[in-house]
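> Structure provided below as structure tokens; questions to follow.
Residue numbers (this note's numbering): 920 to 1123.
As structure tokens, this is what we get:
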């Protein structure tokens, strides 16, 4: 098996953010296949733990609601905690919850943005939030104790995360910083993925 991270410019990172391209069950409501997906076990088999800095490393793992837990008896599915554990990380809590809005103009002085909340798909309630879970390997240092959990930010292209999440991640921990399954080049970050420059033109 070819080592998947051989093209990275360095070997170790103090913070890793990942948005794995996981597969959903066939017929999952409202989820077109925008790019090649991997099974949970394929993702868990990636040697992500090798990229952790010897002094300690934080892992920020994006998770949608259907993937928060492994359904009972679902042998082909893994929970985020199981995937992170396979990489050698232990659970620390929730880093961020992204509350998705409809408009780019948000007033930070009000609880909800003027444009209203985004309404996504869902078998139960309609989804308008996404979690980013926090894990650690070793004893990484926290750079700031003032990083807030809730991010109010508009929905953009499919799978594109809010810029504020990256700013807060850099406030939370010193680099080097790495984004796995990245779709946009970003100052201060090393990026990895088969679509790592997908949103570069939109960000320009």
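Every residue gets a Cβ at the ideal spot worked out from N, C-alpha and C, and that includes glycine.
All values derive from a computational prediction rather than experimental measurement.
Let's test the definition: count the other Cβ atoms within 10 Å of the Cβ of residue 986 and tell me whether it reaches 16, buried, or not, exposed.
Buried, because 16 or more other Cβ atoms sit within 10 Å of the Cβ of residue 986.
> Can you check whether the CB of residue 1019 is closer than 7 Å to the CB of residue 1047?
Yes, they are a contact pair.
> When the Cα atoms are used, what is the spatial distance from residue 1101 to residue 1112?
Roughly 5 Å between the two C-alpha positions.
> The alpha helix (DSSP H) spanning residue 999 covers which residue range?
Per DSSP, residue 999 belongs to the alpha helix (DSSP H) from 999-1005.
> According to DSSP, what are the bridge partners of residue 1055?
Residue 1055 is bridged to 977 and 1009.
> In the DSSP assignment, what residue or residues form a beta bridge with residue 936?
In the DSSP output, where bridge partners are listed per residue, residue 936 has 979 and 1098.
> For a test of the three-state rule: what should DSSP assign to residue 985, helix, strand or coil?
Helix at residue 985.
> Helix, strand or coil, according to DSSP, for residue 1016 in the structure here?
Looking at residue 1016 - three-state DSSP - the assignment turns out to be strand.
> Between residue 1095 and residue 1051, what straight-line distance do the alpha-carbon atoms span, to the nearest angstrom?
Their Cα atoms are separated by approximately 19 Å.
> What does the Cβ neighbour count give for residue 1014, buried or exposed, with the cut at 16 atoms within 10 Å?
It counts as buried.
> Between which two residues does the beta strand (DSSP E) harbouring residue 1066 extend?
Segment: none, residue 1066 is in no beta strand (DSSP E) and carries neither H nor E.
> According to the Cβ coordinates, are residue 970 and residue 1008 closer than 7 Å?
The answer is no: Cβ separation not under 7 Å.
> If you compare alpha carbons, which of 933, 939 and 1001 is closest to residue 1078?
Nearest option by C-alpha distance: 939.
> Tell me whether residue 965 sits in a helix, a strand or coil according to DSSP, three-state version.
Residue 965 falls in the coil class under three-state DSSP.
> DSSP on residue 1124, reduced to helix/strand/coil?
Here the chain comprises residues numbered 920 to 1123, so residue 1124 is not present and cannot be evaluated.
> Nearest to residue 1099 by alpha carbon, out of 1064, 1021, 1085 and 992?
Comparing Cα-Cα distances from residue 1099 to each of 1064, 1021, 1085 and 992, the minimum goes to 1085.
> Return the CA-CA distance between residue 1006 and residue 1073, expressed in angstroms with no decimal places.
Going from the Cα of residue 1006 to the Cα of residue 1073 covers about 31 Å.
> Looking at the strands, I want to know which residues DSSP matches up with residue 957.
Looking at the DSSP assignment, residue 957 forms a beta bridge with 941.
> Which of the three DSSP states is assigned to residue 1106 in this structure?
In the structure shown, residue 1106 sits in coil (DSSP, three-state: anything other than H, G, I, E or B).
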